[in-house]
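Trainee: The numbers in the numbering used here rise by one with no breaks, and the one at position 18 of the sequence shown is 27. All C-beta atoms, glycine included, are put in the ideal place defined by N, C-alpha and C. The structure displayed is predicted, hence computed values, not measured ones.
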Amino acid sequence: MFADGAHDPAMETVAQQAVDFGCPTALVRPEKLAWTGPPVEFCFQLPTDHDGEQVELALLFGRLLCELVERGLFQVV
10 MFADGAHDPA METVAQQAVD FGCPTALVRP EKLAWTGPPV EFCFQLPTDH DGEQVELALL
70 FGRLLCELVE RGLFQVV
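#1: Taking 8 Å as the threshold (C-beta atoms), are E50 and T34 in contact?
#2: Is P56 helix, strand or coil by DSSP?
#3: So within the stretch 12-72, which uninterrupted alpha helix (DSSP H) runs reach at least 4 residues, ignoring any that extend past its ends?
#4: Within its chain, find whatever has a CB closer than 6 Å to the CB of C52; leave out the 5 residues flanking it on each side and keep chain order.
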C-alpha cells in the first residue's frame, strides 16, 4: 500500500481485510505519518517532507515491485 501522508480510513480497512485473508502486507509511507491501521509485515518510511521526493521514492518502490513480480512469474534473470 502507498500512503500519501493523510489519514485514510479506507486504506486501513483494506489493510485489515488483507490481514484477515492472510495476505502479506507492505506499506510505503512518509515518515511523519502515524500508521493507525493493523500491523503490516513490511513498512518503508520515506524520510522526507517534500512531496516531489515522496512521489519519486514511491515510483521507485513501484518499479522495484514490478521487477520482483516479473522475475517471479517469468523467471527472467
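Mentor: In short, the structure shows the following:
#1: In the sequence shown, counting from the first residue as 1, residue 34 sits at position 25. In the sequence shown, counting from the first residue as 1, residue 50 sits at position 41. It is a contact, given that the beta carbons lie within the stated cut-off.
#2: Sequence index remark: in the sequence shown, residue 56 carries index 47 (1-based). P56 falls in the coil class under three-state DSSP.
#3: 18-29
#4: In the sequence shown, counting from the first residue as 1, residue 52 sits at position 43. Around C52: L36.
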